[in-house]
């Protein structure tokens, strides 16, 4: 939503504030998503014991 505001809001100061927030939050969200994905993959490997991955 902040990305939309940063592009389409009529007030320049509101657009700038939204753009700053997007710039701050994007790497945080990307890092969190990567971390959660790694944890889920690790849990799946533990549950299935590597079945099909190890010969």
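Residue numbers (the working numbering): 38 to 92.
Every residue gets a Cβ at the ideal spot worked out from N, C-alpha and C, and that includes glycine.
Cβ shell of residue i (< 8 Å), same chain only, five flanking positions each side left out
i, result
"residue 63", "none"
"residue 55", "39, 40, 42, 43 and 46"
8 Å Cβ cutoff met for residue i and residue j
i, j, result
"residue 40", "residue 59", "yes"
Own chain residues within Cβ distance below 6 Å of residue i, not counting five before or after
i, result
"residue 52", "43 and 46"
Three-way DSSP call (helix, strand, coil) for residue i in this model
i, result
"residue 58", "helix"
"residue 64", "helix"
"residue 44", "helix"
"residue 74", "helix"
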